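**Q** Protein chains in written order, with this note's numbering: chain U, 469 to 528; chain E, 607 to 776.
All C-beta atoms, glycine included, are put in the ideal place defined by N, C-alpha and C.
Nothing here was measured: the structure is a model prediction, and the numbers come from that model.
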Amino acid sequence: MSEHRQEVDPIIGDAVGAQLKSLFDSFANEAVPDRFAKLIARLEQVEAAEAAEKAGDGDT
Amino acid sequence: MNPSTEVRDGLVAAIPNLRAFAMSLCGRSAWADDLVQETLVRAWSKSDSYKDGTNLMAWLFTILRNEFYSQLRKRKREVEDIDGEEASRLTSVPDQLPNLDLQDFHAALALLPEDQREAIVLIGASGFSYEEAAEIMGCAVGTVKSRLSRARTRLTEILEGDELSSAPAR
Numbered sequence: 469m470s471e472h473r474q475e476v477d478p479i480i481g482d483a484v485g486a487q488l489k490s491l492f493d494s495f496a497n498e499a500v501p502d503r504f505a506k507l508i509a510r511l512e513q514v515e516a517a518e519a520a521e522k523a524g525d526g527d528t
Numbered sequence: 607m608n609p610s611t612e613v614r615d616g617l618v619a620a621i622p623n624l625r626a627f628a629m630s631l632c633g634r635s636a637w638a639d640d641l642v643q644e645t646l647v648r649a650w651s652k653s654d655s656y657k658d659g660t661n662l663m664a665w666l667f668t669i670l671r672n673e674f675y676s677q678l679r680k681r682k683r684e685v686e687d688i689d690g691e692e693a694s695r696l697t698s699v700p701d702q703l704p705n706l707d708l709q710d711f712h713a714a715l716a717l718l719p720e721d722q723r724e725a726i727v728l729i730g731a732s733g734f735s736y737e738e739a740a741e742i743m744g745c746a747v748g749t750v751k752s753r754l755s756r757a758r759t760r761l762t763e764i765l766e767g768d769e770l771s772s773a774p775a776r
């Protein structure tokens with residue numbers, strides 16, 4: 469995303485633009501569910517396990 | 607492929623905006639979070655295709671957008687087998703927002719065709735330039751502007767008319 473633009477897009481116009489930003493911001497400001505932190509942790513674990521396995525292969 | 611620190615940190619930081627984009631596309635639903643999860647998994651596994659220093663957010667939005675259309679096509683096929691009318695309501699989902707104006711606006715947004723909805727969200731809410739949105743949507747800048755214009759006109763018609771009160775229960 470380029471620098472977040474504050475001005476309203478001329479095609480969209482003020483009225484629609486303001487509501488659109490309010491709606492998007494209300495979604496973006498919601499608390500992020502735990503499932504995503506758990507997902508990142510799981511991906512990191514898999515990555516670490518794969519790295520360890522590769523290192524083990526290299527030793528043999 | 608293991609993601610770089612830039613990508614890993616960028617993925618985590620992007621989650622709120624990815625969720626907002628997903629909810630704008632398909633409603634405030636479990637489907638939106640499933641889309642974000644699939645986006646994160648794909649981005650993690652395909653991180654070698656991301657070039658450090660380029661636009662990470664646009665790359666992630668592209669993955670999410672493509673996944674949305676892929677799943678939408680699949681869902682429409684499945685639902686059309688049962689009831690063709692229901693297929694057209696797939697992106698109209700239950701919605702509970704604290705502000706009634708926003709709730710109406712979200713309902714109106716859900717009535718737009720998907721291509722117009724993504725254009726207006728990418729430009730008007732997510733802060734992408736026309737060029738970035740065109741790249742994400744895989745179309746020309748002129749097409750983005752045209753979809754944007756039609757989306758604005760249609761949204762205004764819906765909000766000023768009586769379509770929301772006569773729309774199926776959400």
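Between E:A620 and E:M663, how many whole angstroms is the CB-CB distance? I'm expecting something under 8 Å.
**A** 6 Å
**Q** Cutting at 6 Å between CB atoms, please list the residues of its own chain near U:D493, excluding the five before and the five after it.
**A** none
**Q** Smallest Cα separation from U:G485: which of E:N623, E:G730, E:S610 and E:L641?
**A** E:G730
**Q** To the nearest angstrom, how far is it from the Cα of E:D707 to the Cα of E:L770?
**A** 12 Å
**Q** Out of U:V476, U:R510 and U:L488, state which residue places its alpha-carbon closest to the alpha-carbon of E:A714.
**A** U:L488
**Q** Between E:L718 and E:R683, how many whole angstroms is the CB-CB distance? I'm expecting something under 8 Å.
**A** Between E:R683 and E:L718 the Cβ distance is about 22 Å, and since that is not below 8 Å, they are no contact.
**Q** Just the Cα atoms here: how many angstroms apart are E:R723 and E:R671?
**A** 12 Å
**Q** What do you get for U:P478, buried or exposed, if any count of 16 or more other CB atoms within 10 angstroms of its CB means buried?
**A** exposed
**Q** Does E:P622 come within less than 7 Å of chain U when only Cβ atoms are used?
**A** yes
**Q** Under a Cβ-count criterion, where at least 16 other Cβ atoms within 10 Å of its own Cβ denotes burial, should U:A483 be classed as buried or exposed?
**A** exposed
**Q** With three or more beta-carbon pairs closer than 8 Å as the criterion, would you say the segment 630-640 of chain E touches the segment 509-521 of chain U?
**A** With a cut-off of 8 Å, the segment 509-521 of chain U and the segment 630-640 of chain E do not count as touching, because too few Cβ pairs lie within range.
**Q** Do we get a CB-CB distance below 7 Å when we pair E:G730 with the residues of chain U?
**A** yes
**Q** Assign E:T660 to one of three DSSP states: helix, strand, or coil.
**A** Three-state result, E:T660: coil.
**Q** Looking at the C-beta of U:D502, does it have a partner C-beta in chain E at a distance below 7 Å?
**A** no
**Q** Note down the Cα distance separating U:D525 from U:F495, rounded to an integer number of angstroms.
**A** 46 Å
**Q** What's the C-alpha gap between E:E720 and E:T611?
**A** Straight-line Cα distance between these residues: approximately 34 Å.
**Q** Go to E:P818, then tell me how far its alpha helix (DSSP H) extends in each direction, as first and last residue.
**A** Nothing in the structure corresponds to residue 818 of chain E, since chain E is present only between 607 and 776.
**Q** I need the straight-line Cα distance from E:V647 to E:E673, nearest angstrom please.
**A** 11 Å
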